[in-house]
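A.B. asks:
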Amino acid sequence: MDGQRWLPLEANPDVMNQFLRQLGLLPTWQFGDVYGMDPELLSMVPRPVCAVLLLFPVTEKYESFRLEEEAKIKAQGQDVSPDVYFMKQTIGNACGTIGLIHAVANNQEHLEFETDSPLKMFLVQSTKLSPENKATFLEKDESIRVTHESSAQEGQTEAPSLDEKVDLHFIAFVNVGGHLYELAFVSHLVFSLKMAASLSPLPMGKHQKSAFLRMQQRCVRHSWLGTPRSFASQWWPCPRHEHGTRRTREENTTANHSQVLNFVSSLAFLLNRLACGMMTKG
Numbered sequence: 001m002d003g004q005r006w007l008p009l010e011a012n013p014d015v016m017n018q019f020l021r022q023l024g025l026l027p028t029w030q031f032g033d034v035y036g037m038d039p040e041l042l043s044m045v046p047r048p049v050c051a052v053l054l055l056f057p058v059t060e061k062y063e064s065f066r067l068e069e070e071a072k073i074k075a076q077g078q079d080v081s082p083d084v085y086f087m088k089q090t091i092g093n094a095c096g097t098i099g100l101i102h103a104v105a106n107n108q109e110h111l112e113f114e115t116d117s118p119l120k121m122f123l124v125q126s127t128k129l130s131p132e133n134k135a136t137f138l139e140k141d142e143s144i145r146v147t148h149e150s151s152a153q154e155g156q157t158e159a160p161s162l163d164e165k166v167d168l169h170f171i172a173f174v175n176v177g178g179h180l181y182e183l184a185f186v187s188h189l190v191f192s193l194k195m196a197a198s199l200s201p202l203p204m205g206k207h208q209k210s211a212f213l214r215m216q217q218r219c220v221r222h223s224w225l226g227t228p229r230s231f232a233s234q235w236w237p238c239p240r241h242e243h244g245t246r247r248t249r250e251e252n253t254t255a256n257h258s259q260v261l262n263f264v265s266s267l268a269f270l271l272n273r274l275a276c277g278m279m280t281k282g
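Residue numbering for the sequence shown follows full-length UniProt numbering, beginning at 1 and increasing consecutively.
1. Among the candidates G3, T97, N106, whose CA atom is the shortest distance from the CA of A152?
2. Note the first and the last residue of the continuous beta strand (DSSP E) segment covering E181.
3. Measure from the alpha carbon of S143 to the alpha carbon of each residue in N17, L23, Q76, then state which is nearest.
4. Could you compute how far the alpha carbon of S117 sits from the alpha carbon of L25?
5. Taking F137 as the reference, give the member of V49, N93, G177, K88 with the closest Cα.
6. Are the segment 95-112 and the segment 6-24 touching by the rule of at least three beta carbon pairs closer than 8 angstroms?
7. For the beta strand (DSSP E) containing G24, list its first residue and its last residue.
8. Taking the alpha-carbon positions, what's the R47 to V80 distance?
9. In the DSSP assignment, find the unbroken alpha helix (DSSP H) run with L67 in it and report its ends.
10. Is it the case that the segment 115-132 contacts the segment 40-59, given that we only count it when at least three CB pairs across the two stretches are under 8 angstroms?
11. Quick check: what's the CA-CA separation for K61 versus K134?
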């Protein structure tokens with residue numbers, strides 16, 4: 001990816017929340033950690049959830065998969081709601097910020113902003129632009145760039161150089177109109193999965209498999225966007241671990257196909273809570 005390069009944003013809820021707060025998003029919703037897809041770990045996730053970010057390694061296998069899916073979508077087309085806010089990525093290492101923008105942009109009806117919020121202004125001005133023009137608009141937005149650069153210096157790990165290659169990438173998942181959308185901005189693709197009408201985990205029929213289910217493995221590191229009211233007196237009852245886009249490859253944990261399928265089923269379940277109107281405000 002040529003052109004502008006930013007420092008990578010650490011996959012750290014505190015960094016993400018501070019980033020959004022500086023851009024004028026009120027803290028009625030905040031990011032926190034998801035430590036796994038086991039039922040016991042999922043039961044600890046406050047409800048409702050309106051977006052999920054997945055951080056995974058970009059491998060040769062993923063690149064091959066991405067090119068295959070991109071060619072298929074270009075040839076066959078896809079049905080995407082016009083209400084989905086999606087932008088392409090043209091700035092190197094900006095996937096964390098773009099993931100946050102996607103999470104916020106596709107949940108504006110539930111979120112609250114300060115009157116002079118730079119992020120709200122960006123969304124209002126860019127919402128009707130094409131994905132390509134949204135990317136160009138972001139390149140020229142000084143408020144978001146400056147906030148990103150400041151936030152990229154925060155966190156638990158040392159910021160890398162601008163020239164350092166980062167092999168991890170964020171993908172955002174949002175619920176728009178009863179569909180679970182995977183916003184794969186590194187590949188300029190939007191994948192759609194119809195969500196279940198009930199609150200049970202999503203049944204995965206042959207016609208319902210998300211695009212990334214066909215991959216053999218991915219690293220499952222992700223964060224969720226939920227309401228702080230559910231946190232009681234503390235942010236999260238588990239100790240922090242394995243934060244950041246800057247951890248070593250040895251710290252990556254891989255998931256086989258069945259684990260990935262379980263991840264999507266659980267993800268659809270979490271996001272379906274919002275679709276059913278079970279939302280609380282802080």
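Glycine included, each C-beta is placed from N, C-alpha and C at the ideal position.
C.D. replies: This is what the structure holds:
1. T97
2. As written in the sequence, residue 181 is Tyr, which differs from the Glu given in the question. Looking at the DSSP string, the run of the beta strand (DSSP E) that includes Y181 is 179-184.
3. L23
4. 7 angstroms
5. K88
6. With the cut-off at 8 angstroms, the segment 95-112 and the segment 6-24 touch.
7. Where G24 is concerned, there is no enclosing beta strand (DSSP E), given that its DSSP letter is neither H nor E.
8. 26 angstroms
9. 60-76
10. no
11. 29 angstroms
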